[in-house]
Every structure is written in C-alpha cells, then in structure tokens.
Amino acid sequence: MGKVKANRQINGTFGAIWLDGEKLADVDSFESKVAINTEDVNMSEDLATHKKMTGWAGEGTLVLKKVYSTGAVLIGEKLKEGIMPVFKMVTKLDDPDAFGAERVALEEVTFSEFILSKFAQKELQTEELPFAFADYEPIDLIERG
C-alpha cells in the first residue's frame, strides 16, 4: 500500500446526525462506540488470563451547540409522563476530499441524561447528551483501496 496523502483524512466538519429522520442542525461533536463485555477465563497450566466475550454495549455522546433546549424537549417532557423515549439515529461522516463516506444506523437509542440549565460567562454554550444503543448497522464504510 502506498503513502496516504494528508488531504485524504476526513474532516469532521462534514459530519451529520439524523434523529428519527430529522436532521440536527446544531451538532458540535459526536461519538458512538461499542464496548465489548468479557469474562476472565483461566486455563490449566497457563499463566495468562484469557477473555471470553459475553456481550457488548453501545454507548456514545452527542454534543450540540446550545441553540435550542433539545434535551428537555426530546427527553424531559416524556420522562415526566413516565415514558422513556427511544430513538433511531443515523450518522454520516463525509468529506469530498476523502476516500468515501461512513454512515451508521443506531437502533434503540436512549439518552441517559440531559441538562436543564447551564451557563458560563463569555463562553459559547453546548449541550451534552450521553446515550446508549442496543443495535447498530453500518450502512457505508470506507474500505482500503
């Protein structure tokens, strides 16, 4: 494989999020990841600790520019009624100068907290929304050429 040119690294500015089909215009940053759950396995006559996968957990953080009261609107109103809102999220990272685009669908997205009120003098405000998800599907991935 040859040398990769710097312009091929994806610029996060071209990232986008859709929540239940509605594009969020105020995304500041985003991360979703899969944590692999394991149990230790000890084998006879072996000093190493081996691992056995027992499942996985999807988690992430959506950070929005504080333009709207997104968390309170999406989660807070339903929560007070005793309803846990569940969403579908689609992410896209695309840069016209890169080798391609990534799109991933996250299913059964549940937010674990939201900010009611927060501010700091002379600072642009953001709203951080941690979440979990129960399934994912890569729609588009960037492959090595």
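Position 35 of the sequence shown, counted from 1, bears residue number 19 in the working numbering, the numbering being contiguous throughout. For each residue, glycine too, the CB sits at the ideal point set by N, CA and C.
Discussion item. Comparing C-alpha positions only, which one of P80, W40, N26 sits nearest to H34?
Written reply: Position 50 of the sequence shown, counting from 1, holds the residue named residue 34. Nearest option by C-alpha distance: N26.
Discussion item. Per the DSSP calculation, P114 is bridged to which residue(s)?
Written reply: By one-based count along the sequence shown, residue 114 stands at place 130. BP columns for P114 point to T45.
Fill in: Among E43, E121, A56, nearest to P114 - alpha-carbon criterion
Your numbering for residue 114 matches position 130 in the sequence shown. Measuring from the Cα of P114, the nearest candidate turns out to be E43.
Discussion item. According to DSSP, simplified to helix, strand and coil, what is L77?
Written reply: Indexing the sequence shown from 1 puts residue 77 at position 93. Reduced to three states, the DSSP call for L77 is strand.
Worksheet entry | Counted within 10 angstroms of its Cβ, other Cβ atoms place V93 as buried (16 or more) or exposed | Here residue 93 is taken as the residue at index 109 of the sequence shown, counted from 1. That one is buried.
Fill in: 8 Å Cβ shell around L22 - same chain, five flanking residues per side excluded
As a position in the sequence shown, residue 22 is number 38, starting the count at 1. The question names Leu, yet the displayed sequence has Thr at residue 22. So the qualifying residues of the chain are K35, K36, M37, T38.
Item to complete: With DSSP as the reference, please indicate the residues paired to A89 in a beta bridge.
Response: Translated into positions along the sequence shown, residue 89 becomes position 105. DSSP, once it has assigned bridges, lists V74, E121 as partnering A89.
Discussion item. Between which two residues does the beta strand (DSSP E) holding L63 run?
Written reply: On the sequence shown, position 79 is the one that residue 63 refers to. No beta strand (DSSP E) holds L63; the alpha helix (DSSP H) holding it covers 61 to 64.
Worksheet entry | Three-way DSSP call (helix, strand, coil) for L58 in this model | Stepping through the sequence shown from its first residue, residue 58 is reached at position 74. Helix.
Discussion item. Let me check one thing: in DSSP terms, what residues is N21 bridge-paired to?
Written reply: The sequence position of residue 21 within the sequence shown is 37, counting from 1. According to DSSP, which records beta bridges pairwise, N21 is partnered with G39.
Discussion item. G55 and F95 - do their beta-carbons sit closer together than 9 Å?
Written reply: Looking up residue 95 in the sequence shown gives position 111. Looking up residue 55 in the sequence shown gives position 71. Yes. Within cutoff.
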